[in-house]
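Right, one structure below, let's go through it.
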Amino acid sequence: MTTVNILEMDPFSGQQLNPTFWKWLEAYCQAGPTQLIIADMPLIPGHFTRSIAPGYWAAQMYALASTYAGVNWSPPDDPDAAYYYTIRDQIYLWWDGYVEAVLKVMQKAPKTTAIIVVNDKPDMCGARLGPAIQDRLSPVGDRVVLGEVLWDWR
Numbered sequence: 000m001t002t003v004n005i006l007e008m009d010p011f012s013g014q015q016l017n018p019t020f021w022k023w024l025e026a027y028c029q030a031g032p033t034q035l036i037i038a039d040m041p042l043i044p045g046h047f048t049r050s051i052a053p054g055y056w057a058a059q060m061y062a063l064a065s066t067y068a069g070v071n072w073s074p075p076d077d078p079d080a081a082y083y084y085t086i087r088d089q090i091y092l093w094w095d096g097y098v099e100a101v102l103k104v105m106q107k108a109p110k111t112t113a114i115i116v117v118n119d120k121p122d123m124c125g126a127r128l129g130p131a132i133q134d135r136l137s138p139v140g141d142r143v144v145l146g147e148v149l150w151d152w153r
């Protein structure tokens, strides 16, 4: 079985998905057993910066995890997080499109498995983001594991 760390590659083109990448990933996964890594936590801020907006990585992770998990958060004093609060819908649609693309690949490639969270660290919010992704991937849930999250950092 081979492993593909999706965020080490180029899954996005601006705020949209990169269709060339997703076509390649689907064919690759259909060719044989593959394990996907969905959320390599330290790689998310780079994609967030290129796709959504630059800013402090901890504010990006908090905004993404809280928004995707449906947590009713309020704009904090941090200027980056306060701005992200105003674009919650945009953040949600961007990340949900990504998770939906993973789901579609897994549905078309039944030998594909996935680990949701790897390399979680303090302030990365894997314990908040991971379960939300896991819920979204429930149609293929028997082939998905949460990974190692820091539960104290929700």
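Count the sequence shown with numbering that gives the first Met the number 0 and you get residues 0 to 153, in order.
Don't be surprised by glycine CBs; every beta carbon is placed ideally from N, CA and C.
Quick caveat, the model's predicted, so the values are computed rather than measured.
Handout entry: Residues near I132 in its chain [Cβ-Cβ closer than 7 Å; skip 5 each side]
Key = If we look at I132 and ignore the five residues flanking it on each side, its Cβ neighbours are I37, A38, V98 and I115.
Exercise for the section: Find out if the Cβ-Cβ distance for the pair L149, G125 is shorter than 8 Å. Expected result: For L149 and G125, yes; Cβs fall inside 8 Å.
Practice task
For A113, name the three-state secondary structure that DSSP assigns.
Solution key: Three-state DSSP puts A113 in a strand.
Problem - Segment contact flag, the stretch 47 to 63 with the stretch 75 to 85, C-beta cutoff 8 Å, min 3 pairs - result: Counting Cβ pairs under 8 Å, three or more are found: they touch.
Handout entry: Rounded straight-line distance, which links the Cα of Q15 to that of A100
Key = Roughly 11 Å separates the two Cα atoms.
Problem - Cβ contact (3+ pairs, closer than 8 Å) linking the stretch 39 to 59 and the stretch 70 to 82 - result: Verdict: yes, contact present.
Practice task
Look at Y91 and T66 and say whether their C-beta atoms are less than 8 Å apart.
Solution key: A contact, by the Cβ cut-off of 8 Å.
Exercise for the section: Quick one: measure Cβ to Cβ for V70 and R127, integer angstroms, because I've assumed they're closer than 8 Å. Expected result: That pair is a contact at about 7 Å.
Practice task
With DSSP as the reference, label I132 as helix, strand or coil.
Solution key: Correct three-state label for I132: helix.
Exercise for the section: Between the Cα of E25 and those of Q89, D122, A52 and K110, spot the shortest distance and give me the residue it belongs to. Expected result: Nearest C-alpha to E25: K110.
Practice task
Report the three-state DSSP secondary structure of I36 (helix, strand or coil).
Solution key: Three-state result, I36: strand.
Problem - Beta-carbon proximity list for D119, same chain, < 6 Å, skipping 5 on both sides - result: Close CB contacts of D119 within its chain, under the 6 Å cut and outside five residues either way in sequence, are with M40, G125, V148 and L149 (chain order).
Problem - Rounded straight-line distance, which links the Cα of F47 to that of P53 - result: Each residue's Cα considered, the two are about 7 Å apart.
Handout entry: Proximal residues to A20 (C-beta, below 7 Å), its chain only, five neighbours per side dropped
Key = Sequence inspection shows Phe at residue 20; the Ala mentioned does not correspond to that position. Within the same chain, F20 has close Cβ partners M8, D9 and P10.
Handout entry: S50 (DSSP reduced to helix, strand or coil)
Key = In the structure shown, S50 falls within a helical segment according to DSSP collapsed to helix, strand and coil.
Practice task
Can you tell me which of the three DSSP states S73 falls into?
Solution key: It is coil, neither helix nor strand.
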